[in-house]
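Here's the structure we're looking at; comments come further down.
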Amino acid sequence: MSSTHNKKSVDVQAFIDRHPMSGFQWRILILCFLVATLDGLDTAIGGFIAPVLREEWALTTAQLNPLLGAVLLGLMLGAFAAGPLADRFGRKMVLLVSVLFFSGWSLASATAGDVQTLTVLRFLTGLGLGGALPTAITLVSEYCPVRRRSLMVTLMFCGFTLGSALSGVLVAHLLPLVGWRAVLMLGGLLPLLFLPMLMAWLPESVRFLIARRMVPDRVTDILRRIAPLPANVQLEVPPQAKDSPVREILQGHLKYGTLLLWGTFFTGFMIIYLLTNWLPTLIRETGQAMSDAALAGAMFQVGGTLGAIILGATMDRIDAWKVLTTAYIGGTLTLLAISQFYQHFSVLLACVAAMGFCISGSQVGANALAANFYPTTSRATGVAWCHGVGRIGSIAGTLAGGTLLSAGIGLNGIFLWLMVPALLAATAVFLMGRRYRALPKIKGEYGAIV
Numbered sequence: 084m085s086s087t088h089n090k091k092s093v094d095v096q097a098f099i100d101r102h103p104m105s106g107f108q109w110r111i112l113i114l115c116f117l118v119a120t121l122d123g124l125d126t127a128i129g130g131f132i133a134p135v136l137r138e139e140w141a142l143t144t145a146q147l148n149p150l151l152g153a154v155l156l157g158l159m160l161g162a163f164a165a166g167p168l169a170d171r172f173g174r175k176m177v178l179l180v181s182v183l184f185f186s187g188w189s190l191a192s193a194t195a196g197d198v199q200t201l202t203v204l205r206f207l208t209g210l211g212l213g214g215a216l217p218t219a220i221t222l223v224s225e226y227c228p229v230r231r232r233s234l235m236v237t238l239m240f241c242g243f244t245l246g247s248a249l250s251g252v253l254v255a256h257l258l259p260l261v262g263w264r265a266v267l268m269l270g271g272l273l274p275l276l277f278l279p280m281l282m283a284w285l286p287e288s289v290r291f292l293i294a295r296r297m298v299p300d301r302v303t304d305i306l307r308r309i310a311p312l313p314a315n316v317q318l319e320v321p322p323q324a325k326d327s328p329v330r331e332i333l334q335g336h337l338k339y340g341t342l343l344l345w346g347t348f349f350t351g352f353m354i355i356y357l358l359t360n361w362l363p364t365l366i367r368e369t370g371q372a373m374s375d376a377a378l379a380g381a382m383f384q385v386g387g388t389l390g391a392i393i394l395g396a397t398m399d400r401i402d403a404w405k406v407l408t409t410a411y412i413g414g415t416l417t418l419l420a421i422s423q424f425y426q427h428f429s430v431l432l433a434c435v436a437a438m439g440f441c442i443s444g445s446q447v448g449a450n451a452l453a454a455n456f457y458p459t460t461s462r463a464t465g466v467a468w469c470h471g472v473g474r475i476g477s478i479a480g481t482l483a484g485g486t487l488l489s490a491g492i493g494l495n496g497i498f499l500w501l502m503v504p505a506l507l508a509a510t511a512v513f514l515m516g517r518r519y520r521a522l523p524k525i526k527g528e529y530g531a532i533v
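Going by our numbering, the residue at position 244 of the sequence shown is 327; the numbering climbs one at a time, nothing skipped.
So, in structure tokens, the structure goes:
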């Protein structure tokens with residue numbers, strides 16, 4: 084006789100937590116890592132081809148700025164749009180559409196005949212780029228065991244840094260040979276060729292399927308690819324959300340944490356993008372050679388990548404809020420050290436690497452913090468809107484760097500000024516820990532890091 088009384092109840096997250104990472108889960112991580120890599124490549128490519136465009140089309144800096152800012156605006160709006168869509172229609176569908184969107188518009192960008200057309204096409208490319216990365220973060224987090232979630236999310240996000248670096252390498256080698264149009268075509272063709280692999284090998288989030296009460300057999304088939312599952316099981320279904328994902332993250336228990344996460348992402352992205360865009364210029368103005376300025380910029384990225392991995396692993400072992408608060412405070416101290424000792428190049432390089440470790444690494448860790456904080460019903464929206472607010476910070480940081488330089492404020496003053504947003508990020512994470520650390524941990528949902 085078969086009945087629900089004979090079925091064994093299974094909680095999906097507990098099932099994932101009980102087993103080691105399977106090849107199936109590693110495949111999801113690798114596929115999302117590659118999505119992040121392609122995202123980083125296409126995001127950075129505009130900055131690398133800008134000098135050639137300036138020369139070919141005889142552009143002024145004022146004409147070039149909207150082109151560089153268009154992709155950032157698209158990233159922001161794409162993130163805001165993708166989150167609610169992924170919580171309603173599924174992570175996989177939104178991820179596939181995002182990849183198709185940015186690959187298609189990148190290919191179209193290669194046909195632009197003037198800077199105005201290219202600006203519009205780069206904005207449209209940014210919409211897809213902005214949706215892909217936070218959706219990939221959400222998908223990876225929902226297939227990871229809690230004990231390794233922060234490390235897995237930060238490892239996946241490192242693909243974005245790798246893609247940004249690869250963009251520079253590709254442009255340096257291909258631009259003199261084939262021109263900027265072919266470079267943009269390659270940036271669109273690679274994700275387009277990768278899309279069939281995502282369609283065939285990437286599953287939908289199993290937690291999304293359960294939350295949406297999808298076909299149980301589909302869920303159990305996925306779970307059996309992680310570990311053996313009894314034939315007669317009944318899946319535990321989480322409570323259905325009463326409100327839209329946007330309303331859910333902005334009211335009740337989650338509202339306070341959402342605002343603090345937004346503050347962390349805004350200030351973190353502000354610092355990172357100001358330094359990414361202006362650090363070589365700042366160092367060059369101190370009298371260092373261009374090669375030394377480029378080396379300092381590279382050390383910031385290397386430090387950020389190492390910080391992401393090490394801080395992510397540490398967050399899985401001890402209090403995640405304490406880890407990130409300490410790291411942001413460490414970043415504040417390195418900013419102070421750079422402002423005082425930048426004349427000594429070896430000290431400057433060490434401090435820049437440490438700053439990347441603390442601040443850029445912490446910002447990657449904040450992705451894991453956000454993915455852990457929100458429930459399944461609004462996780463994609465929560466993570467994506469953190470990125471959307473962060474992109475506002477990236478625009479503000481880029482503009483602030485140019486404004487401060489134009490006002491005659493040099494490296495010393497700018498790095499002292501950057502201590503303010505770094506301390507604000509540390510304060511936001513600290514306050515979030517105080518508010519949510521002591522709350523009951525309800526199966527990884529509703530503002531409990533588990």
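Ideal Cβ placement from N, Cα and C applies to all residues, glycine included.
Just reading off the alpha helix (DSSP H) that residue i is part of, what are its end residues?
| i | result |
| --- | --- |
| residue 143 | Per DSSP, residue 143 belongs to no alpha helix (DSSP H) and is neither H nor E. |
| residue 253 | 232-284 |
| residue 517 | 494-519 |
| residue 219 | 198-224 |
| residue 187 | 174-192 |
| residue 300 | 299-306 |
| residue 309 | Neither: residue 309 is in no alpha helix (DSSP H) and is coded neither H nor E. |
| residue 94 | Counting along the chain, residue 94 falls outside any alpha helix (DSSP H), and DSSP gives it neither H nor E. |
| residue 294 | 289-294 |
Alpha carbon to alpha carbon, how far is residue i from residue j?
| i | j | result |
| --- | --- | --- |
| residue 485 | residue 143 | 15 Å |
| residue 396 | residue 234 | 5 Å |
| residue 478 | residue 359 | 12 Å |
| residue 502 | residue 259 | 40 Å |
| residue 194 | residue 114 | 29 Å |
| residue 365 | residue 424 | 14 Å |
| residue 413 | residue 228 | 29 Å |
| residue 387 | residue 441 | 7 Å |
| residue 416 | residue 434 | 9 Å |
| residue 381 | residue 461 | 36 Å |
| residue 197 | residue 256 | 24 Å |
| residue 177 | residue 264 | 28 Å |
| residue 217 | residue 102 | 26 Å |
| residue 276 | residue 267 | 15 Å |
| residue 74 | residue 464 | No information on residue 74 is available, as it lies outside the stretch 84 to 533 that the chain covers here. |
| residue 98 | residue 311 | 10 Å |
| residue 164 | residue 494 | 37 Å |
| residue 107 | residue 137 | 46 Å |
| residue 421 | residue 431 | 6 Å |
| residue 385 | residue 392 | 11 Å |
| residue 499 | residue 125 | 32 Å |
| residue 301 | residue 309 | 13 Å |
| residue 375 | residue 361 | 14 Å |
| residue 189 | residue 281 | 19 Å |
| residue 505 | residue 349 | 10 Å |
Quick one: using the 10 Å Cβ neighbour count with 16 as the cut-off for buried, is residue i buried or exposed?
| i | result |
| --- | --- |
| residue 483 | buried |
| residue 294 | buried |
| residue 399 | buried |
| residue 363 | buried |
| residue 85 | Confidence is the limiting factor: at residue 85 the pLDDT is only 41, short of 50, which leaves the residue's position unreliable, though a coordinate-based value still follows. Classification of residue 85: exposed, given that the 10 Å Cβ count is below 16. |
| residue 307 | exposed |
| residue 141 | exposed |
| residue 199 | exposed |
| residue 128 | buried |
| residue 326 | exposed |
| residue 192 | buried |
| residue 429 | exposed |
| residue 401 | exposed |
| residue 254 | buried |
So residue i and residue j are supposed to be a Cβ contact under 8 Å. How far apart are they, rounded?
| i | j | result |
| --- | --- | --- |
| residue 453 | residue 469 | 5 Å |
| residue 223 | residue 112 | 6 Å |
| residue 450 | residue 472 | Wrong, their Cβ atoms sit about 13 Å apart, outside the cutoff. |
| residue 407 | residue 448 | 6 Å |
| residue 305 | residue 329 | With a Cβ gap of about 28 Å, residue 305 and residue 329 do not count as contacting. |
| residue 512 | residue 347 | 6 Å |
| residue 123 | residue 247 | 4 Å |
| residue 446 | residue 351 | 4 Å |
| residue 221 | residue 174 | 6 Å |
| residue 182 | residue 215 | 6 Å |
| residue 404 | residue 520 | 6 Å |
Sorry if obvious, but does the Cβ on residue i come closer than 6 Å to a heavy atom of the ligand ZN?
| i | result |
| --- | --- |
| residue 241 | Among the components of this structure there are no ligands whatsoever, and the ligand ZN is therefore not found. |
| Continuous alpha helix (DSSP H) assignments of at least 4 residues falling wholly in the stretch 402-476 | 403-424, 428-438 and 444-456
| request: Pick out the complete alpha helix (DSSP H) segments inside the stretch 313-371, 4 residues or longer, and give them in chain order. | output: 328-332 and 335-367
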